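Here the protein sequences come in this chain order: A and B. If you count by this note's numbering, then the first sequence holds residues 1 to 273, one letter each, in order. If you count by this note's numbering, then the second sequence holds residues 1001 to 1249, one letter each, in order. Shown next, in structure tokens, is the structure this report addresses.
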Amino acid sequence: MFDGTRPLPAVQGPSVTLAWRPLLRRAGVLLVLALAWELYGRWIANDLIFPTFLDTIAAFWRLTVSGELPARAASSLEVLAMGYAAGLALAAVLVLFAVASTFGSELLSTLTAMFNPLPAIALLPLALLWFGLGAPSLVFVITHSVLWAVALNAHSGVRAIPPTLRRVGENLGLRGWQLALRILAPAALPAVIAGLKIGWAFAWRTLIAAELVFGTNSRSGGLGWLIFERRNNLQIDEVFAGLLAVIAIGLVVEGVLFRTLERRTVDRWGLQR
Amino acid sequence: MAPAAEPPVLALERVSIRFGAVTALQEVDLTVTSGERLVLVGPSGCGKSTLLAAIGGFLAPSAGRVLLDGQPVRRPGPDRMMVFQEFDQLLPWKTVSQNIAYPLRLAGVARAEARDRAEELIRQVGLAGFSTAYPHTLSGGMKMRVAIARALAARPRLLLMDEPFAALDALTRRRMQQELLRLWQEHGFTLVFVTHSIEEAVLLGSRILVLSPHPGRIQAVLDVPEAPTARLGLEGELNRLLLPETADV
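And the structure:
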């Protein structure tokens, strides 16, 4: 029983290890997967079909040190950035138009209903006809893959804003652009970020898929082109290294870039969960 | 020579508001003078919130005029700050201090001065120490205090409140009513307050406007006396006006 004379046990502050626990769990899962891969690779014992984890890491290291892998990744990311930026800009214009007028709203709903289910890669043959073999065709299909996902999410985000918040903005004397930028845009941010994440995933996989068809130019291509090239040369460990790079970049963008953005905005404001 | 009457802050001239075939308000005439606390009271559907929305400029009258200092009201503006009932009226991406300073910042007040005035208001509404808190970490009553502080920061000609305490628990509501009266004594704002509670109307108002429904129109205008016993009598009269069938109980 508590008699009031004994000091209470000191309250343990949140320890540093607690913050690292999710990361440790993730690392544990990755370790198990790597081990399974290694064992399976050794059991198959055929480099032409399934190289082991250690072989893949060695190839990854070799390609990184030679500078080829970073160059290919940079080439992919450069094209991706152009397409992503173009997609975001077009989405912003469409959403602003949709917020400003009922015709714009109907236009956006119709366009997203038409184009969102259409795989961007299906437009590649047409893009090749219009823009030829090269970066412009890739940028075109990436723009298409980003645009509709982002526009759809942002638009539904704006429509879900509580009417009170809009009235508060009007009460403060905000109208038109000012209201859109100062009140509606931050209020719709959770949906916008969700759209950005989906758009990123679509863009990344569309790019790699498109690169499997051709490189950005004859001398160097992106990661997808590297994968395709090495398969033709039967350098399967380097194919795996290329795939590993695709996965790693995806994880970093999702886990670091978007996570940080969310922590600094919607998490801090209590707009998410 | 007769002394010139003080010009009203707010004047409604034969204001009617129709939604399609439904008449929400019919030919309402009303003046509010500076420093007054006018309470609009009436049953659901009597158009009291509609009337407040028209004063706020959120709703254009179908007929008649709403005049603020003699000028027709055309749109919402920070000269008529509205405090809503909903807790989500604070901007979630701004801290308590930033929310309160925001009307000042929009009016072009320098950052440092806006922050100082926000801090002063934070102290006055009893939220010292919560300047840097984000709204989602506050209780309902605290959010309401921030909303009131933000409205006062704009130094509006009119403070409009639409059933602000209806969603609060009874104890918090009682405390907020007392604090609103205290803030009125400090700031001397002109208040138009909507409620469906007779008790609240008598406690907060200096004048009470009773609205009757279908269509919404003014049924009675009553001055609130100072003496507590007279106030009880007023409550009884309001009960008879609003609930005629139960008045004899």
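Glycine included, each C-beta is placed from N, C-alpha and C at the ideal position. Source: prediction; values computed, not measured.
Among the options, which has the Cα closest to the Cα of residue i?
i, options, result
"Val213/A", "Trp130/A, Phe258/A, Gly224/A and Ala86/A", "Gly224/A"
"Leu1059/B", "Val1015/B, Met1176/B and Pro1007/B", "Val1015/B"
"Phe1084/B", "Thr164/A, Val93/A and Glu78/A", "Thr164/A"
"Pro1043/B", "Pro1213/B, Thr1023/B and Arg1157/B", "Pro1213/B"
"Arg998/B", "Leu1012/B, Ala1133/B, Pro1007/B and Thr1137/B", "Chain B is shown from 1001 up to 1249; residue 998/B falls before or after that span and cannot be answered."
"Leu226/A", "Ser145/A, Pro125/A, Ala185/A and Gly242/A", "Gly242/A"
"Arg1155/B", "Arg1123/B, Asn1239/B, Met1081/B and Thr1031/B", "Met1081/B"
"Met82/A", "Phe228/A, Val146/A and Ser105/A", "Val146/A"
"Thr1172/B", "Leu1183/B, Gly1188/B and Lys1143/B", "Lys1143/B"
"Met1161/B", "Glu1027/B, Gly1020/B, Val1041/B and Ile1017/B", "Val1041/B"
"Val1037/B", "Leu1243/B, Leu1127/B, Glu1113/B and His1187/B", "Correcting the residue identity first, residue 1037/B is Arg in this sequence and not Val. Here the closest residue by C-alpha is His1187/B."
"Leu77/A", "Arg230/A, Val99/A, Leu94/A and Gly250/A", "Gly250/A"
"Gly1070/B", "Pro1008/B, Thr1229/B and Glu1226/B", "Pro1008/B"
"Thr143/A", "Gly199/A, Arg264/A and Tyr40/A", "Gly199/A"
"Gln272/A", "Gln1185/B, Ser1206/B and His1136/B", "His1136/B"
"Glu1027/B", "Val1066/B, Ile1148/B and Ala1021/B", "Val1066/B"
"Pro1215/B", "Gly1035/B, Leu1010/B, Lys1048/B and Glu1006/B", "Lys1048/B"
"Pro1164/B", "Phe1087/B, Ile1017/B, Gly1236/B and Tyr1134/B", "Phe1087/B"
"Glu1006/B", "Gly1035/B, Leu1025/B and Arg1018/B", "Gly1035/B"
"Asn46/A", "Leu244/A, Ser66/A and Ile236/A", "Ile236/A"
"Ala34/A", "Glu238/A, Leu69/A, Pro51/A and Leu172/A", "Pro51/A"
"Arg1182/B", "Ala1133/B, Arg1018/B, Gly1126/B and Cys1046/B", "Gly1126/B"
"Thr112/A", "Phe131/A, Leu94/A and Val99/A", "Leu94/A"
Between residue i and residue j, is the Cβ-Cβ spacing less than 8 Å?
i, j, result
"Val150/A", "Ala91/A", "yes"
"Val1039/B", "Leu1204/B", "yes"
"Thr64/A", "Phe240/A", "no"
"Val266/A", "Pro190/A", "yes"
"Thr1190/B", "Leu1168/B", "no"
"Tyr1102/B", "Arg1150/B", "yes"
"Leu88/A", "His155/A", "no"
"Phe115/A", "Gly104/A", "no"
"Leu261/A", "Ile183/A", "no"
"Gly195/A", "Asn153/A", "yes"
"Asn1239/B", "Ile1198/B", "yes"
"Trp37/A", "Phe60/A", "no"
"Val139/A", "Ala188/A", "no"
"Val1210/B", "Leu1232/B", "no"
"Val1221/B", "Val1202/B", "no"
"Ala135/A", "Val79/A", "yes"
"Leu1010/B", "Leu1104/B", "no"
"Glu170/A", "Leu179/A", "yes"
"Ala210/A", "Val141/A", "yes"
Chain B beta carbons: is any one of them nearer than 8 Å to that of residue i?
i, result
"Thr164/A", "yes"
"Ser218/A", "Any reading at Ser218/A needs caution, since the residue's pLDDT is 47, under 50, leaving its predicted position unreliable; the model's value is listed next. It does not; no Cβ of chain B falls within 8 Å."
"Pro186/A", "yes"
"Leu39/A", "no"
"Leu172/A", "yes"
"Arg263/A", "no"
"Gly270/A", "yes"
"Val168/A", "yes"
Kindly say whether residue i, judged by its beta-carbon, lies nearer than 8 Å to any beta-carbon of chain A.
i, result
"Trp1093/B", "yes"
"Asp1088/B", "yes"
"Leu1106/B", "yes"
"Pro1072/B", "no"
"Phe1084/B", "yes"
"Pro1061/B", "no"
"Met1161/B", "no"
"Phe1058/B", "yes"
"Met1081/B", "yes"
"Gly1077/B", "yes"
"Pro1164/B", "no"
"Pro1215/B", "no"
"Pro1007/B", "no"
"His1136/B", "yes"
Which residues in chain E have a C-beta closer than 7 Å to the C-beta of residue i? List them in chain order.
i, result
"Pro1103/B", "No chain E is present in this structure, whose protein chains are A and B."
May I have a chain-ordered list of the beta strand (DSSP E) segments no shorter than 3 residues that lie completely inside the segment 1167 to 1202 of chain B? 1191 to 1195
Give, in chain order, every unbroken run of the alpha helix (DSSP H) that is at least 4 residues long and sits entirely within the segment 15 to 67 of chain A. 16 to 44 and 53 to 65
For the 8 Å Cβ check, are there 3 or more pairs between the segment 1191 to 1202 of chain B and the segment 1046 to 1054 of chain B? yes
Assess contact between the segment 1064 to 1074 of chain B and the segment 1092 to 1104 of chain B, defined as three or more Cβ pairs (one per stretch) separated by less than 8 Å. Is contact present? no
Sufficient close CB pairs (3 or more, under 8 Å) joining the segment 1097 to 1108 of chain B to the segment 1162 to 1182 of chain B: no
Cβ pair count under 8 Å reaching 3, the segment 121 to 135 of chain A against the segment 197 to 212 of chain A: yes
Quick test of the definition: if touching needs 3 or more C-beta pairs under 8 Å, does the segment 248 to 258 of chain A touch the segment 1026 to 1037 of chain B? no
Just list the alpha helix (DSSP H) runs in the segment 130 to 176 of chain A, keeping only unbroken ones of 4 residues or longer that don't cross its boundaries, in chain order. 135 to 159 and 163 to 171
Suppose only complete runs of 3+ residues qualify. What are the beta strand (DSSP E) ranges in the segment 1060 to 1087 of chain B, listed by chain order? 1063 to 1068 and 1080 to 1083
Any alpha helix (DSSP H) of 4 or more consecutive residues that is wholly inside the segment 74 to 118 of chain A: 102 to 115
Where in the segment 1092 to 1126 of chain B do unbroken runs of the alpha helix (DSSP H), each at least 4 residues long, occur, reported from the N-terminal end onward? 1096 to 1106 and 1111 to 1124
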